[in-house]
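Take a look at the structure set out below.
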DNA sequence: ACCTGAACACCGTTCAAGT
DNA sequence: ACCTGAACACCGTTCAAGT
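Protein chains in written order, with full-length UniProt numbering: chain A, 1 to 181; chain B, 1 to 181.
The structure is reproduced here in structure tokens:
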């Protein structure tokens, strides 16, 4: 009868490990968090993690998905706001994974799993931008170039952690670029 | 009498180690190149490197300086070309350190030496952009925002290695943004 | 001053053994 | 199915010993 009970427990334990990983990766960084430290924080032996995740990069991908899922869940709040406000919101929301941006780029060159996640994230972001730009009535052959400029700028803002004033100015300049005169 | 002869030899040997490091870091990546592999390629014992460099990050900084120095030496060729051509040249030239871009961002969070280099590089690039934009007759309060957008876009192009057509389109769109109508 | 072999502390991961 | 202690191969770095 209880055919899904153990699965329930398994999912819960995985979620616990994931929660600890998310906290440690964001607080201390991916490289600074050893599998031993993660296991200790979760109260299990070092190698137990490998029963729930294939390797350390798999933990990273799970953390990234969790952070992005939370962000998307809150997106509706601003989905109808002006473009500049949307951009600012995206940067602020994803700022929590500031330290993970460089990690993703670094690991993507070595881990196929992280590379796949990175490609998917860019695809999603560019689709989001394209929709927004088209709704704003933008047209022309340069729309693809503008999307890339937008994505790269967001990525740069995330990675470098500028002060609030600069961040705001850049988002507004970017939005202005996309507002037909 | 030969007070500078040993220094000469020392500089040569350091240059040899640096040359091997530059090749290996760019070909195989920073993380994939162990200090042991670097030493073997240079024909010395593993720990000999530490007499010429303080640590692995110090080798990285030396490699980065060498690559940028070579690039700047060639810059005069295009310093009077149109802005779009200048941007394209910068991306093409620095493309050789494509794999190192993510490494720099990743290591900057852990190594003060790499962080210092990274800050200096951004300062240099932004100064270069500012000069170019002012010469182009651009003014306004948004000039700082535009510089950042430019730098982040270049960085994104370097890190992601887009195809030639996309790269060209983005550089032209960026240059167009900076050309007063 | 320069170079080395050997050791150190750490890392992600694997494996045989338990329940 | 799930968890563990112990081991493995590797890493950057240090140190005592040589010349």
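Where a beta carbon is used, it is the ideal one built from N, C-alpha and C, also for glycine.
Residue i, enclosing alpha helix (DSSP H) - first and last residue
{"i": "residue 123 of chain A", "result": "112-135"}
{"i": "residue 30 of chain A", "result": "Looking at the DSSP string, residue 30 of chain A is not in any alpha helix (DSSP H), and its letter there is neither H nor E."}
{"i": "residue 72 of chain B", "result": "56-75"}
{"i": "residue 150 of chain A", "result": "143-160"}
{"i": "residue 169 of chain B", "result": "164-177"}
{"i": "residue 93 of chain A", "result": "83-94"}
{"i": "residue 99 of chain B", "result": "98-108"}
Inter-residue spacing [alpha-carbon to alpha-carbon] between residue i and residue j
{"i": "residue 102 of chain B", "j": "residue 154 of chain A", "result": "16 Å"}
{"i": "residue 130 of chain A", "j": "residue 86 of chain A", "result": "14 Å"}
{"i": "residue 3 of chain A", "j": "residue 10 of chain A", "result": "Low per-residue confidence applies at residue 3 of chain A: pLDDT is 47, beneath 50, and the placement is therefore not dependable enough to give any value."}
{"i": "residue 124 of chain B", "j": "residue 136 of chain B", "result": "18 Å"}
{"i": "residue 159 of chain B", "j": "residue 70 of chain B", "result": "19 Å"}
{"i": "residue 140 of chain B", "j": "residue 178 of chain B", "result": "11 Å"}
{"i": "residue 1 of chain B", "j": "residue 66 of chain B", "result": "Residue placement at residue 1 of chain B cannot be trusted, given a pLDDT of 44 that sits under 50; the coordinates are not used to answer."}
{"i": "residue 25 of chain B", "j": "residue 100 of chain B", "result": "8 Å"}
{"i": "residue 150 of chain A", "j": "residue 19 of chain A", "result": "31 Å"}
{"i": "residue 94 of chain A", "j": "residue 120 of chain A", "result": "16 Å"}
{"i": "residue 111 of chain A", "j": "residue 144 of chain B", "result": "36 Å"}
{"i": "residue 196 of chain A", "j": "residue 84 of chain A", "result": "Any question about residue 196 of chain A goes unanswered here, given that chain A covers just 1 to 181."}
{"i": "residue 88 of chain B", "j": "residue 142 of chain A", "result": "17 Å"}
{"i": "residue 96 of chain A", "j": "residue 23 of chain A", "result": "10 Å"}
{"i": "residue 172 of chain A", "j": "residue 7 of chain A", "result": "48 Å"}
{"i": "residue 80 of chain A", "j": "residue 14 of chain A", "result": "36 Å"}
{"i": "residue 170 of chain A", "j": "residue 152 of chain A", "result": "12 Å"}
{"i": "residue 34 of chain B", "j": "residue 59 of chain B", "result": "12 Å"}
{"i": "residue 176 of chain A", "j": "residue 128 of chain A", "result": "18 Å"}
{"i": "residue 164 of chain A", "j": "residue 98 of chain A", "result": "14 Å"}
{"i": "residue 132 of chain A", "j": "residue 115 of chain A", "result": "26 Å"}
{"i": "residue 122 of chain B", "j": "residue 122 of chain A", "result": "24 Å"}
{"i": "residue 47 of chain B", "j": "residue 47 of chain A", "result": "32 Å"}
Rounded distance between the beta-carbons of residue j and residue i, thought under 8 Å
{"i": "residue 126 of chain A", "j": "residue 147 of chain A", "result": "5 Å"}
{"i": "residue 117 of chain B", "j": "residue 61 of chain B", "result": "5 Å"}
{"i": "residue 42 of chain B", "j": "residue 16 of chain B", "result": "6 Å"}
{"i": "residue 113 of chain B", "j": "residue 57 of chain B", "result": "5 Å"}
{"i": "residue 167 of chain A", "j": "residue 68 of chain A", "result": "Not confirmed; about 20 Å, so no contact."}
{"i": "residue 45 of chain B", "j": "residue 39 of chain B", "result": "6 Å"}
{"i": "residue 156 of chain A", "j": "residue 161 of chain B", "result": "With a Cβ gap of about 16 Å, residue 156 of chain A and residue 161 of chain B do not count as contacting."}
{"i": "residue 138 of chain A", "j": "residue 180 of chain A", "result": "6 Å"}
(request) Give the residues from the region 109-120 of chain A that approach chain B closer than 8 Å (Cβ to any Cβ), ordered along the chain. (result) 109 and 110
(request) Residues of the region 152-164 of chain A with a CB closer than 9 Å to any CB of chain B: list them in chain order, please. (result) 152, 153, 154, 155, 156, 157, 159, 160 and 162
(message) Any C-beta of chain A within less than 9 Å: which residues of the region 120-149 of chain B qualify?
(response) 122, 141, 142, 144, 145, 146, 148 and 149
(message) Tell me which residues of the region 30-48 of chain A have at least one Cβ-Cβ distance to chain B shorter than 8 Å, keeping chain order.
(response) 31 and 32
(message) So, does the region 28-35 of chain A touch the region 96-116 of chain A, judging by three or more C-beta pairs under 8 Å?
(response) yes
(request) Would you check if the region 40-52 of chain B and the region 66-79 of chain B touch, i.e. whether three or more CB-CB distances between them fall below 8 Å? (result) no
(message) For the region 71-84 of chain A, list every residue whose C-beta sits within 8 Å of some C-beta in chain B, in sequence order.
(response) none
(request) Check each residue of the region 91-103 of chain B: if its Cβ is closer than 7 Å to any Cβ of chain A, include it; give the result in chain order. (result) 99, 102 and 103
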